Amino acid sequence: MTMDFGEIRRLTQASVQEFPDAAGGFGHFVISLAAVGDMIPKWGETPIQRDQKLRDFYPTEYWLASTVSSLAARNGAFSWTLEGPPRTCDHIQEVLHMSDYGAGWVQFMEKVSADLYTQDNGAFIEVIRDGKGAAAPFLGLAHLDAGRCIRTGNKEYPVIYTDREGNQHKMAWYQIVDLTDMPSPVETMNGMQMCAVSRVLRAGQIMRDVAMRTQEKLTGRFAGALHIVSGITMKMIQDAMVQAQEESQTRGRMRYQPPVIAGTLDPSAEVKVATIPLADIPESWNSEEERKWFIAVLALGFGCEYQDLAPLPGGNLGTSQQSEVLHLKAKGRGPELFQKLITHHLNFRVLPQNVTFKFDERDFESERIEAGIKKDRAEAIKIYIESGAVTPEVARQIMEDDGDLKHEYLEMMQRDVTGDQVSGDEGRQQEVEEGVIPEGGILPDEDLGKLEKQVKDPAYWERQTRRFEREMVEEATKLLEDIGERVRKRLTREIRANE
127 MTMDFGEIRR
137 LTQASVQEFP
147 DAAGGFGHFV
157 ISLAAVGDMI
167 PKWGETPIQR
177 DQKLRDFYPT
187 EYWLASTVSS
197 LAARNGAFSW
207 TLEGPPRTCD
217 HIQEVLHMSD
227 YGAGWVQFME
237 KVSADLYTQD
247 NGAFIEVIRD
257 GKGAAAPFLG
267 LAHLDAGRCI
277 RTGNKEYPVI
287 YTDREGNQHK
297 MAWYQIVDLT
307 DMPSPVETMN
317 GMQMCAVSRV
327 LRAGQIMRDV
337 AMRTQEKLTG
347 RFAGALHIVS
357 GITMKMIQDA
367 MVQAQEESQT
377 RGRMRYQPPV
387 IAGTLDPSAE
397 VKVATIPLAD
407 IPESWNSEEE
417 RKWFIAVLAL
427 GFGCEYQDLA
437 PLPGGNLGTS
447 QQSEVLHLKA
457 KGRGPELFQK
467 LITHHLNFRV
477 LPQNVTFKFD
487 ERDFESERIE
497 AGIKKDRAEA
507 IKIYIESGAV
517 TPEVARQIME
527 DDGDLKHEYL
537 EMMQRDVTGD
547 QVSGDEGRQQ
557 EVEEGVIPEG
567 GILPDEDLGK
577 LEKQVKDPAY
587 WERQTRRFER
597 EMVEEATKLL
607 EDIGERVRKR
617 LTREIRANE
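If you read the sequence shown in the working numbering, its first letter stands for residue 127, the second for the next number, and so on.
Here's what the structure looks like:
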């Protein structure tokens with residue numbers, strides 16, 4: 127299933143769009159390397175700076191960092207299978223398990239997922255080949271640091287990678303795989319995305335700031351208000367505070383500081399205090415409610431379910447049917463999107479044509495829901511048949527159209543695979559399959575009439591034609607796989623002999 131770049135070149139030549147050369151850059155956007163403050167640059171202005179800021183930011187908010195970690199681990203743990211010639215599949219399986227220079231598939235997927243969720247530049251995979259060209263044997267996959275990859279917008283050399291020594295490498299289309307889950311339609315952004323962290327950034331900054339304020343307040347280093355005191359001297363207040371600090375240090379208090387108490391020399395003096403809050407949380411702030419909404423924002427931004435991040439809170443959250451529908455919708459947004467991205471690139475750009483990669487992760491909750499939906503459809507079809515609205519034959523066709531009945535099962539029922547019972551010359555019961563004449567070539571008159579009726583039926587010949595076509599396709603596929611295996615081995619020997 128290797129992609130032919132000649133077709134892509136012809137498409138770009140016929141298109142009205144103009145594609146830049148492989149010089150790099152982001153169109154008219156200026157990439158400045160000047161220092162930026164704590165504020166994260168706006169999306170699209172300075173992409174390299176923004177991605178670095180995003181990397182620095184997301185570990186500082188524990189819910190956000192945990193979400194990235196949880197989903198990256200989920201993606202790395204997905205099971206997968208290979209379909210194709212046994213020897214080729216065994217070799218490809220070994221190669222994939224040695225991804226990222228032997229670190230393994232799980233660690234490789236976790237690195238790719240972390241970049242996919244936290245970098246607007248997306249995630250990048252190096253396709254290591256034994257030689258140049260798309261026909262060169264595939265040797266392995268490796269994660270490329272998204273911060274070292276620059277998108278060029280050129281289809282033949284889409285990425286420039288800068289290694290640790292500062293050397294730049296123009297990556298050909300068959301050497302690189304770039305992944306994005308929300309690519310930008312802005313042409314000059316060269317396929318960059320708005321990553322999941324960018325989508326939830328504002329909410330994450332608020333929660334991070336609240337957590338930092340709470341931590342600093344607990345450590346006793348946070349000046350939350352200004353107190354204006356009358357009836358007592360400043361010297362007396364300062365002495366009382368120093369004495370309280372020394373007492374806390376002596377007692378080994380690391381976080382909690384009791385209230386400071388100061389007495390006056392004049393017992394009759396009236397002490398008045400006016401407090402001016404400097405940085406206080408709004409009165410309507412509810413930490414528990416805000417946390418619930420923040421988790422909901424994370425689930426929406428990362429394309430997962432609320433339950434993937436935290437238990438559902440109590441209260442009236444809708445009917446069970448609504449929960450099942452939300453589960454199926456989230457399943458299509460998150461896990462399946464990631465799986466389709468990986469599957470598409472591996473099958474159409476990396477793996478040999480006779481090998482197919484697919485994820486084999488079972489979702490028991492989805493299977494339970496789908497089984498319930500099939501049961502509802504079956505009960506509806508039963509009502510149609512009993513009411514005479516449709517015949518059993520039409521009902522079977524409806525089931526096939528809905529995916530509840532495999533086509534081969536429908537064919538088996540149509541041709542009555544149990545066969546017709548006929549008596550043999552010794553009185554034993556024999557089964558005659560459709561179109562098959564028993565030994566001796568003699569059929570009773572009634573069975574001969576059935577056979578004549580079959581051969582005159584156009585549906586009979588249509589079924590026989592489909593069966594013949596399937597057999598021929600299976601034989602041709604086996605032959606092509608054998609030829610392809612021999613050709614690859616011969617090319618590999620020739621390439622290695624010429625090195």
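Backbone N, C-alpha and C fix where the C-beta goes; we use that ideal spot for every residue, glycine too.
Here the structure is a predicted model, which is why all the values come from computation and not from measurement.
- In the structure shown, threonine 591 falls within a helical segment according to DSSP collapsed to helix, strand and coil.
- Leaving aside the five residues that flank isoleucine 621 on each side, the residues in its chain whose CB is nearer than 8 Å to its CB run, in chain order, Asp256, Gly257, Ala262, Pro263.
- With respect to proline 311, glycine 317 sits apart: the two C-beta atoms are not nearer than 8 Å.
- The three-state secondary structure of glutamate 252, taken from DSSP, is strand.
- Leucine 267 and glutamate 282 do not touch by the CB rule: their CB atoms are close to 21 Å apart, not below 8 Å.
- Secondary structure of arginine 475 (DSSP, three-state): helix.
- Across the structure, methionine 165 and glutamate 611 are spaced so that their CA atoms are roughly 56 Å apart.
- Within the same chain, and ignoring the five residues on either side of lysine 237 in sequence, the residues whose Cβ sits closer than 6 Å to its Cβ are His269.
- A residue is called buried once 16 or more other Cβ atoms fall within 10 Å of its Cβ, and alanine 240 is buried on that count.
- Sixteen is the threshold: since fewer than 16 other Cβ atoms of the shown chains lie within 10 Å of the Cβ of leucine 606, the residue is exposed.
- One Cα belongs to tyrosine 300, the other to serine 195, and the distance between them is close to 30 Å.
- Counting other Cβ atoms within 10 Å of its Cβ, valine 476 reaches 16 or more and is therefore classed as buried.
- Secondary structure of methionine 315 (DSSP, three-state): helix.
- Of all alpha-carbon atoms in Lys500, Gly514, Tyr510, the one lying nearest the alpha-carbon of aspartate 528 is that of Lys500.
- Under the DSSP assignment, tyrosine 243 falls outside any beta strand (DSSP E), being part of the alpha helix (DSSP H) whose first and last residues are 231 to 244.
- Nearest to threonine 207 by C-alpha distance, out of Leu327, Arg213, Thr482, is Thr482.
- DSSP places isoleucine 286 inside the beta strand (DSSP E), whose first and last residues are 285 to 288.
- Under the criterion of beta carbons closer than 8 Å, phenylalanine 250 and valine 285 qualify as touching, at roughly 7 Å.
- The beta-carbon distance between leucine 531 and methionine 525, rounded to whole angstroms, is 4 Å. This is short enough to meet the 8 Å contact definition.
- The beta-bridge partner set that DSSP reports for valine 303 consists of Ile251.
- The continuous beta strand (DSSP E) containing arginine 277 extends over residues 275 to 277.
- Burial check for alanine 272: the Cβ neighbour count within 10 Å reaches 16 or more, so the residue is buried.
- Within its own chain, the residues whose Cβ lies closer than 8 Å to the Cβ of alanine 191, once the five positions on either side in sequence are excluded, are Tyr184, Pro185, listed in chain order.
- Shown here, proline 212 sits in a helix according to DSSP, grouped into three states.
- According to DSSP, residue pairing for histidine 295 in a beta bridge involves Tyr287.
- With a threshold of 16 other beta carbon atoms within 10 Å, isoleucine 332 falls short and is exposed.
- Pairing glutamine 523 with glutamate 209, the inter-Cα distance amounts to about 30 Å.
- Across the structure, leucine 197 and glutamate 291 are spaced so that their CA atoms are roughly 32 Å apart.
- As a beta-bridge residue in DSSP terms, histidine 269 pairs with Ile251.
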